[in-house]
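Chemist:
2 protein chains.
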Amino acid sequence: MAKHTTLYQHGTLALLVPGLLKGTMTMGELLKHGDTGIGTGEGLDGELIILDGKPYQIDASGRVNVVSNSFTMPFANIHYARYSPLAELENVSQDDLNEQIVSLSKAENTFFSVKITGTFSNIKTRAVRKSEPPFYTLAQTASHQSIFTRDQVDGTLISYYSPELFDGAAVAGFHHHFLSNDHQFGGHVLDFQLDKGDVSYQLFDTFEQHLPVNDKEYMQHDFSSDDIVGSIHTAE
Amino acid sequence: MAKHTTLYQHGTLALLVPGLLKGTMTMGELLKHGDTGIGTGEGLDGELIILDGKPYQIDASGRVNVVSNSFTMPFANIHYARYSPLAELENVSQDDLNEQIVSLSKAENTFFSVKITGTFSNIKTRAVRKSEPPFYTLAQTASHQSIFTRDQVDGTLISYYSPELFDGAAVAGFHHHFLSNDHQFGGHVLDFQLDKGDVSYQLFDTFEQHLPVNDKEYMQHDFSSDDIVGSIHTAE
């Protein structure tokens, strides 16, 4: 398997919907599969972004923390970065950018990652708040999240694009996380306006889906009555 | 990645629906990912079953052929066999067996493989017929398949179970292929009655989905108007 063409995923997005939020992989284990990624902690403990092998958590109070190798997660994506330049862009909105990237990349039917470094004229993020067992469902968590906004901020946005065919395993379309260069601001991106930035791109031919088979609650859960796709698109 | 807990898949089941049937991986490449598997050839050229690293094709005339390393496929599953005994069973139907396996394995939310060796009191298979470009859709192919039945036959059945969450990428539920010990009979299994056999089982924690990113027709296809799940369950 080619190291730079594989997107590794621990957990499947669907398990967040009924609140199967046990941390089933440690950060130490996850980092064996890449150096760049996104995710969340046990109980939906904040928003994670991994840059150059270093894992950062934006918690519900908006603080940016570096997490340890023993930090556990129910869901994360990671890959080995080898991005290629795609475009230098100025003054574009999130929607315009997503559209341009899909059109430039011609890769709507596979997984890819996008990295944007530059200055954002404004950016709106959220960070989810950890719940304790019995964990919140995804809908309950969404009502306990914090929203943050910042103007004129320099930083890095990491995004994964997943094809419609895999909606439910991943978020179909784009899923962006952000960290500012000063490590004072970040989170799961809800909206942004890019002032000026470099957009780069990395195509995957392999989606390596790892499931928490040792978690009895996951293995015994009946997903048939969960509205997976509906709940994900409401919350994400 | 643990060698014996990974199910590798080339192509995604959805691409068969609109007839994206180009052979996008050779058997030689596929065999780098396992020794046991199932699949189909370019244009839906018969039913494949791989046992102990040897790939057999049951063609639409019912003949069993050993295929070469240069044989190409749009879709295949393969893994490294390390099955554990699950049960010795007598006189069970396909439906009973599927139900018992799901109940014994407690693995409805992950991928696993089942291998049955024994005597089948009757078995009904089909083999699809190759089409040339422009390839048939899955529905058109289904109307050009051959059906075979055999009584009292000794052989091996290889099955993959996929969770409902991955329906469309794989066939949710069981997908069985068969080869008789005398190599005179086999195919995609439509129905069977097991007279007496050993059922063994192998659990996967990883589903490694490889996509044909170098096939322009796949990459540029608009899947939004294809009835993926409906067509798969009519045809399979």
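These protein sequences, in sequence, are chains A and B.
Sequential numbering of the first sequence, starting at 825, is according to my numbering.
Sequential numbering of the second sequence, starting at 825, is according to my numbering.
We treat Cβ as the ideally placed atom computed from N, Cα and C, and that holds for glycine.
Quick caveat, the model's predicted, so the values are computed rather than measured.
1) Are any of the Cβ atoms in chain B nearer than 8 Å to that of Y1042 (chain A)?
2) What did DSSP end up calling K954 (chain A) once you bin it into helix, strand or coil?
3) Give, in chain order, every residue of the stretch 1017-1050 of chain A whose Cβ lies closer than 9 Å to some Cβ of chain B.
4) Please classify K939 (chain A): does DSSP put it in a helix, a strand, or coil?
5) For N933 (chain B), would you say it is in contact with chain A, using Cβ-to-Cβ distances shorter than 8 Å as the test?
6) Kindly indicate the opening and closing residues of the beta strand (DSSP E) around N922 (chain A).
7) Do Y880 (chain B) and G1010 (chain B) have their C-beta atoms closer together than 8 Å?
8) Taking only beta carbons into account, state which residues of the stretch 973-1004 of chain B come closer than 7 Å to chain A, listed in chain order.
9) Run down chain B in chain order and give the residues with a C-beta less than 7 Å from the C-beta of T836 (chain A).
10) Could you tell me whether any Cβ in chain B is nearer than 8 Å to the Cβ of K827 (chain A)?
11) Flag K930 (chain A) as yes if its beta-carbon sits less than 8 Å from any beta-carbon of chain E, otherwise no.
12) Which same chain residues end up closer than 7 Å to P1061 (chain A) when comparing Cβ atoms and leaving out the 5 residues on each side of it in sequence?
13) When you compare only the Cα positions, how much space is there between A931 (chain B) and V1037 (chain A)?
14) Going along the chain, which unbroken runs of the beta strand (DSSP E) with 3 or more residues stay wholly within the stretch 954-1032 of chain A?
15) Determine, using beta carbons only, whether G843 (chain A) and F959 (chain A) come nearer to each other than 8 Å.
16) May I ask you to report which of helix, strand or coil DSSP gives F944 (chain A)?
17) Is it buried or exposed, T1030 (chain A), if we count other Cβ atoms within 10 angstroms and call 16 or more buried?
18) Candidates A:G886, A:V926 and A:G877: which alpha carbon is nearest F998 (chain A)'s?
19) Under 8 Å: do the stretch 1033-1048 of chain B and the stretch 831-839 of chain B share three or more Cβ pairs, one atom per stretch?
20) How far does the beta strand (DSSP E) with Y832 (chain B) in it reach, from first residue to last?
21) Just to confirm, are I971 (chain A) and H1001 (chain A) a CB contact at a threshold of 8 Å?
22) Can at least three beta-carbon pairs, one atom from the stretch 931-942 of chain A and one from the stretch 1049-1059 of chain B, be found at a separation below 8 Å?
23) What does a CB cutoff of less than 8 Å around H1034 (chain A) pick up in its chain, not counting 5 residues either side in sequence?
Modeler: Walking through what the data contain:
1) Yes, Y1042 (chain A) counts as interfacial toward chain B.
2) Secondary structure at K954 (chain A): coil, using DSSP grouped into helix, strand and coil.
3) Correct list: L1027, F1028, D1029, T1030, F1031, E1032, Q1033, H1034, L1035, P1036, V1037, N1038, K1040, Y1042, M1043, Q1044, H1045, D1046, F1047 and S1048.
4) It is a strand residue.
5) Taking Cβ atoms only, chain A reaches closer than 8 Å to N933 (chain B), which makes this a yes.
6) Judged by DSSP secondary structure, N922 (chain A) falls outside any beta strand (DSSP E) and instead within the alpha helix (DSSP H) spanning Q918 to S929.
7) The Cβ atoms of Y880 (chain B) and G1010 (chain B) sit closer than 8 Å to each other.
8) Those residues of the stretch 973-1004 of chain B that come within reach of chain A (Cβ to Cβ, closer than 7 Å) are E988, L989, F990, G992 and A993.
9) Near T836 (chain A) (Cβ distances below 7 Å), the residues of chain B are L989.
10) Judged by the 8 Å Cβ criterion, K827 (chain A) is not in contact with chain B.
11) The chain labelled as chain E is not found among the protein chains of the depicted structure, namely A and B.
12) Beyond the ends of chain A as shown, which are 825 and 1060, falls residue 1061 (chain A); an answer cannot be given.
13) Going from the Cα of A931 (chain B) to the Cα of V1037 (chain A) covers about 8 Å.
14) Here the runs fully enclosed are 970-986, 997-1004 and 1010-1027.
15) Their beta carbons are under 8 Å apart, which means G843 (chain A) touches F959 (chain A) by this criterion.
16) Correct three-state label for F944 (chain A): strand.
17) Buried is the call here.
18) The shortest C-alpha to C-alpha distance from F998 (chain A) to any of A:G886, A:V926 and A:G877 is the one to A:V926.
19) Cβ pair count under 8 Å is three or more, so yes.
20) Its beta strand (DSSP E) spans residues T830 to H834.
21) Result no, Cβ atoms of I971 (chain A) and H1001 (chain A) do not sit closer than 8 Å.
22) Put simply, the stretch 931-942 of chain A does not touch the stretch 1049-1059 of chain B. Fewer than three CB pairs are less than 8 Å apart.
23) Once the five neighbours on either side are set aside, the close Cβ partners of H1034 (chain A) are Y832, Q833, H834, G835 and M849.
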